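J.: Okay, so the sequence shown: first residue is 40 according to the numbering used here, each after it adds one.
Think of the CB as a built atom: it goes at the ideal place given N, C-alpha and C, for glycine as much as any other residue.
Note that the structure is a prediction, hence the values are computed from the model and not measured.
Dropping a structure here in structure tokens format, bear with me for questions.
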Amino acid sequence: MRKKAVLSVIFFMMAMLAACTKYQINEEQSDNNNPFPDYVYNQEKEQGVYGKSDMAIAENGYYYIIDNVLYFYNINSDVNMPLCSKVNCNHDGETCDAYVSGINAENGTFECNCMDEKVMYYNNHLYCIEITKDRDYYLCQYDATFGNKERITKLASVKDEQIMVTSVQASMISDGYFYYYTSFLDADYAKNGYIAPFYICRIRLESNSSREVLGEFQFPGDYAMKAGENNGFGVYLSDNNIYFYAGGTGRMYFYDNNVQYRVSKYDLSTGQYTELWTYTGDDRVDVFGENTGKVDGMSDGSYVRMDSNGNFYIMTSSTGNNNDTLIKVNFDKNTSEVIYTTDMEKLYSLQSDGEYLYFFESTQSRETKSYFTAIDMNGTLKAQYEMEYDEEFLEKAKKYYEQYPEDTSVVVDASGICVYGIDERYILMGSNSDSDVYKNLKSLNSKPYKKVITTGVGVINKMDYLNSGTASIKQIYQNLS
Numbered sequence: 040m041r042k043k044a045v046l047s048v049i050f051f052m053m054a055m056l057a058a059c060t061k062y063q064i065n066e067e068q069s070d071n072n073n074p075f076p077d078y079v080y081n082q083e084k085e086q087g088v089y090g091k092s093d094m095a096i097a098e099n100g101y102y103y104i105i106d107n108v109l110y111f112y113n114i115n116s117d118v119n120m121p122l123c124s125k126v127n128c129n130h131d132g133e134t135c136d137a138y139v140s141g142i143n144a145e146n147g148t149f150e151c152n153c154m155d156e157k158v159m160y161y162n163n164h165l166y167c168i169e170i171t172k173d174r175d176y177y178l179c180q181y182d183a184t185f186g187n188k189e190r191i192t193k194l195a196s197v198k199d200e201q202i203m204v205t206s207v208q209a210s211m212i213s214d215g216y217f218y219y220y221t222s223f224l225d226a227d228y229a230k231n232g233y234i235a236p237f238y239i240c241r242i243r244l245e246s247n248s249s250r251e252v253l254g255e256f257q258f259p260g261d262y263a264m265k266a267g268e269n270n271g272f273g274v275y276l277s278d279n280n281i282y283f284y285a286g287g288t289g290r291m292y293f294y295d296n297n298v299q300y301r302v303s304k305y306d307l308s309t310g311q312y313t314e315l316w317t318y319t320g321d322d323r324v325d326v327f328g329e330n331t332g333k334v335d336g337m338s339d340g341s342y343v344r345m346d347s348n349g350n351f352y353i354m355t356s357s358t359g360n361n362n363d364t365l366i367k368v369n370f371d372k373n374t375s376e377v378i379y380t381t382d383m384e385k386l387y388s389l390q391s392d393g394e395y396l397y398f399f400e401s402t403q404s405r406e407t408k409s410y411f412t413a414i415d416m417n418g419t420l421k422a423q424y425e426m427e428y429d430e431e432f433l434e435k436a437k438k439y440y441e442q443y444p445e446d447t448s449v450v451v452d453a454s455g456i457c458v459y460g461i462d463e464r465y466i467l468m469g470s471n472s473d474s475d476v477y478k479n480l481k482s483l484n485s486k487p488y489k490k491v492i493t494t495g496v497g498v499i500n501k502m503d504y505l506n507s508g509t510a511s512i513k514q515i516y517q518n519l520s
């Protein structure tokens with residue numbers, strides 16, 4: 040019954056949902072209501088090939104995670120809901136069908152059903168990485184409703200081989216393969232200055248397939264000591280190559296050579312693995328080339344994006360400590376240039392669709408303004424949308440400033456917003472602030488006991504935004520409890 044109910048929601052939206060959703064869908068609401076009839080789904084392109092994405096893109100909607108719950112937004116029916124059919128479910132614990140768990144680094148718990156809370160969609164199936172109590176890493180396959188779980192293959196095992204999956208956020212499915220990083224847990228890790236061997240791997244999306252090591256490099260593991268954190272890694276598909284990027288600027292336990300980067304690629308046509316660029320040192324200025332600015336945490340792989348021509352796009356700081364500059368770097372050609380410097384103070388949440396770069400930029404003051412900006416790959420402005428503040432929030436802020444006129448530490452900027460992902464239809468974004476700051480990203484289902492509260496999720500019609508710059512945010516995160 041669960042499968043029938045949830046499948047109807049995702050693909051046809053023709054039946055009444057289970058009681059926990061409190062939604063009734065008209066029978067006319069079907070895929071015939073497709074607001075993007077000219078859109079052609081390309082699953083290879085929609086795998087986050089230009090950089091990290093926090094949503095999985097399907098033929099008719101998006102999967103994404105809020106507060107450990109997997110949601111699906113159906114574009115055709117304009118309904119957003121958790122993948123759960125339990126009657127009167129509160130969607131706040133392991134008993135929920137849609138519950139996903141990640142590594143709990145605070146208490147050292149590795150066991151989870153969705154490492155890094157990353158979900159992928161490919162060939163009508165969902166994929167997550169499960170970690171067992173013995174720290175075996177399994178690639179698990181689900182149907183489109185997050186049911187019928189099947190362990191496809193083992194990716195790594197700490198117990199059997201002292202190998203761990205480094206970060207699922209730095210992974211990607213392409214042409215039937217899953218690309219990912221692993222690292223070796225050496226008993227003498229600390230004695231070796233926290234330098235460890237890292238392996239670039241791939242494995243077929245087939246039952247009991249074997250891991251294939253494409254390349255290896257030495258890299259500090261103490262950029263993120265909590266298991267499952269990013270370590271500054273990224274993986275990309277560009278110009279028939281899989282690119283790999285590892286970088287960091289602040290180590291935790293070793294203070295020499297704080298700044299390190301490794302960039303390599305795997306040629307899909309020849310099977311050749313090539314190390315393109317290596318940097319080891321303490322200098323943070325002009326690491327990527329002359330006048331490219333100062334690198335920091337925003338210059339690591341989780342924030343770096345690419346295009347389809349082998350170019351990397353990296354945020355740096357021209358002055359001070361705020362990321363205000365975007366640079367283009369081609370490691371194959373050994374070229375670099377500044378393509379954009381904001382007139383404001385800060386850039387945040389860089390994304391790429393291969394044709395345009397998207398990011399937030401803002402001032403940092405009581406009279407702050409925040410913009411969602413799109414530029415082409417040469418830095419020419421394409422569109423800009425001013426984020427609108429909620430009137431109630433502005434009133435609260437005004438009263439606070441009147442009460443504490445000398446306090447300049449409480450300001451709002453765009454760092455409270457993130458772009459989950461982009462395709463040819465919508466830009467999906469959310470606010471991670473603990474207050475209702477922006478219009479159409481307001482909290483409708485906030486849970487005060489949660490450590491992280493996502494106050495709202497919305498979509499922007501991509502072509503409306505690019506063509507006019509005036510498209511508004513449509514909120515989709517709805518109260519389901």
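Using a Cβ-Cβ cutoff of less than 6 Å, which residues in the same chain neighbour K172 once the five nearest sequence positions on both sides are dropped?
T.: Against the sequence shown, residue 172 aligns to sequence position 133. Here the set comprises E150.
J.: Let me know the secondary structure DSSP gives N119 once reduced to three states.
T.: Within the sequence shown, numbered from 1, the residue matching residue 119 stands at position 80. N119: strand per DSSP, three-state reduction.
J.: For my contact list, N99 and N113 are in at a C-beta cut-off of 8 Å; report their separation, rounded to the angstrom.
T.: Position 60 of the sequence shown holds residue 99. Position 74 of the sequence shown holds residue 113. Going by Cβ atoms, the distance from N99 to N113 rounds to 6 Å, so yes, they are a contact pair.
J.: Could you give the distance in angstroms between the alpha-carbon of K157 and the alpha-carbon of V476?
T.: Start at 1 with the first residue of the sequence shown, and residue 157 comes out as number 118. Start at 1 with the first residue of the sequence shown, and residue 476 comes out as number 437. Their Cα atoms are separated by approximately 27 Å.
J.: Would you kindly check if the distance between the Cβ of D278 and the Cβ of V298 is under 8 Å?
T.: Here residue 298 refers to the residue found at position 259 of the sequence shown. Here residue 278 refers to the residue found at position 239 of the sequence shown. Not a contact, by the Cβ cut-off of 8 Å.
J.: Nearest-angstrom Cα distance between S213 and L420?
T.: Along the sequence shown, one-based indexing puts residue 213 at 174. Along the sequence shown, one-based indexing puts residue 420 at 381. About 31 Å.
J.: Which word fits S388, buried or exposed, when buried means at least 16 other C-beta atoms lie within 10 angstroms of its C-beta?
T.: As a first step, residue 388 is located in the sequence shown; it is residue number 349 there, counting from the start. Buried.
J.: In three-state terms, what does DSSP make of A195?
T.: Counted from its first residue, the sequence shown places residue 195 at position 156. DSSP places A195 in strand when its eight states are reduced to three.
J.: Give me, in chain order, the residues of the same chain whose beta-carbon lies closer than 6 Å to that of I512; leave out the 5 immediate sequence neighbours on both sides.
T.: On the sequence shown, position 473 is the one that residue 512 refers to. The residues are N479, G497 and I499.
J.: Could you please give the first and the last residue of the uninterrupted alpha helix (DSSP H) stretch that includes M502?
T.: Counting from 1 along the sequence shown, the entry for residue 502 is found at position 463. It spans K501 to S507 - the alpha helix (DSSP H) in which M502 sits, taken as one unbroken run.
J.: What number of angstroms, rounded off, separates the C-alpha of D503 from the C-alpha of Y78?
T.: For the purposes of this step, residue 503 is taken as the residue at position 464 of the sequence shown. For the purposes of this step, residue 78 is taken as the residue at position 39 of the sequence shown. Rounded to whole angstroms, D503 to Y78 spans 15 Å at the Cα level.
J.: What's the C-alpha gap between M264 and M291?
T.: Stepping through the sequence shown from its first residue, residue 264 is reached at position 225. Stepping through the sequence shown from its first residue, residue 291 is reached at position 252. With a pLDDT of 48 at M264, under the threshold of 50, the modelled position of this residue cannot be trusted; read the value that follows with caution. Rounded to the nearest angstrom, the two C-alpha atoms are 8 Å apart.
J.: Assign Q311 to one of two classes, buried (16 or more other C-beta atoms within 10 Å of its C-beta) or exposed (fewer than that).
T.: Position 272 of the sequence shown holds residue 311. Under this definition Q311 is an exposed residue.
J.: For G460 versus S470, is the C-beta spacing smaller than 8 Å?
T.: As a first step, residue 460 is located in the sequence shown; it is residue number 421 there, counting from the start. As a first step, residue 470 is located in the sequence shown; it is residue number 431 there, counting from the start. Result no, Cβ atoms of G460 and S470 do not sit closer than 8 Å.
J.: If you reduce the DSSP assignment to three classes, tell me which class K61 lands in.
T.: Taking the sequence shown and counting its residues from 1, one reaches residue 61 at position 22. Only weak support exists for where K61 lies, its pLDDT of 33 falling under 50; the coordinates are left without a value.
J.: Per DSSP, I512 is paired with what?
T.: Counting from 1 along the sequence shown, the entry for residue 512 is found at position 473. Answer is none; I512 lacks a bridge partner.
J.: With a threshold of 16 other CB atoms inside 10 Å of the CB of S308, please say whether the residue is buried or exposed.
T.: Start at 1 with the first residue of the sequence shown, and residue 308 comes out as number 269. Label assigned to S308: exposed.
J.: CB-CB under 7 Å to T331, same chain, minus the five flanking residues each way: which ones, in chain order?
T.: Taking the first residue of the sequence shown as position 1, residue 331 is located at position 292. Contacts found: D325, T355, I366, S375 and V377.
J.: On a CA-only basis, which of F283, V343, Y318 and G289 is nearest Y300? Give me that one, please.
T.: Reading the sequence shown from its first residue, position 261 is the one you call residue 300. Nearest option by C-alpha distance: Y318.
J.: Give, in chain order, every unbroken run of the beta strand (DSSP E) that is at least 3 residues long and sits entirely within the segment 275–323.
T.: Listed in chain order, the complete beta strand (DSSP E) runs (minimum 3 residues) inside the segment 275–323 are 280–287, 298–306 and 312–320.
J.: Counting C-beta neighbours from all protein chains within 10 Å, is the total for P121 16 or more, i.e. buried, or is it exposed?
T.: Stepping through the sequence shown from its first residue, residue 121 is reached at position 82. Flag for P121 reads buried.
J.: With DSSP run on the structure shown, which of helix, strand or coil describes N143?
T.: Here residue 143 is taken as the residue at index 104 of the sequence shown, counted from 1. Three-state result, N143: strand.
J.: If you draw a straight line from the alpha carbon of P259 to that of M203, how long is it in whole angstroms?
T.: On the sequence shown, position 220 is the one that residue 259 refers to. On the sequence shown, position 164 is the one that residue 203 refers to. For P259 and M203, the distance between alpha carbons rounds to 15 Å.
J.: When the Cα atoms are used, what is the spatial distance from G141 to L467?
T.: Working through the sequence shown from its first residue, we reach residue 141 at position 102. Working through the sequence shown from its first residue, we reach residue 467 at position 428. Looking at the two C-alpha atoms, the distance is approximately 22 Å.
J.: From the DSSP output, which residues share a beta bridge with K367?
T.: Position 328 of the sequence shown, counted from the start, is the residue given in the question as residue 367. Note: K367 sits in a beta bridge opposite Y352 and E376.
J.: Does the segment 389–397 come close enough to the segment 87–102 that 3 or more CB-CB pairs lie under 8 Å?
T.: Because the criterion of three Cβ pairs below 8 Å is met, the segment 87–102 and the segment 389–397 touch.
J.: Could you give the uninterrupted runs of the beta strand (DSSP E) lying entirely in the segment 377–430, keeping only those of 3 residues or more?
T.: Taking only runs of at least 3 residues, the beta strand (DSSP E) segments lying wholly in the segment 377–430 are 385–391, 395–401, 409–415 and 420–425.
J.: Classify A229: buried if its beta carbon has 16 or more other beta carbons within 10 angstroms, exposed otherwise.
T.: Translated into positions along the sequence shown, residue 229 becomes position 190. Exposed.
J.: What number of angstroms, rounded off, separates the C-alpha of G267 from the C-alpha of V207?
T.: If you number the sequence shown from 1, residue 267 lands on position 228. If you number the sequence shown from 1, residue 207 lands on position 168. Any reading at G267 is ruled out, since the residue's pLDDT is 46, under 50, leaving its predicted position unreliable.
J.: Check D77 in the structure and name its three-state DSSP category.
T.: Translated into positions along the sequence shown, residue 77 becomes position 38. D77 falls in the coil class under three-state DSSP.
J.: Could you please give me the residues that DSSP links to M159 through a beta bridge?
T.: On the sequence shown, residue 159 is found 120 positions in, with the first residue counted as 1. According to DSSP, M159 bridges with Y166.
J.: In whole angstroms, what is the alpha-carbon distance linking C240 and F411?
T.: The sequence position of residue 240 within the sequence shown is 201, counting from 1. The sequence position of residue 411 within the sequence shown is 372, counting from 1. Going from the Cα of C240 to the Cα of F411 covers about 36 Å.
J.: Does L480 come out as helix, strand or coil in the three-state DSSP assignment?
T.: Taking the sequence shown and counting its residues from 1, one reaches residue 480 at position 441. Residue state, collapsed to three classes: coil.
J.: Closest by CA to K385, which one among M337, F432 and N373?
T.: Within the sequence shown, residue 385 is the residue found at index 346, counting from 1. The shortest Cα separation from K385 among M337, F432 and N373 belongs to M337.
J.: Near Y465, which residues of its chain fall below 8 Å by C-beta distance, leaving aside the five closest residues on each side in sequence?
T.: Taking the first residue of the sequence shown as position 1, residue 465 is located at position 426. The residues are Y101, I114, V498, I499, N500 and K501.
J.: Are the Cβ atoms of L109 and I191 separated by less than 8 Å?
T.: By 1-based counting over the sequence shown, the position of residue 109 is 70. By 1-based counting over the sequence shown, the position of residue 191 is 152. No, these two residues do not count as a Cβ contact at 8 Å.
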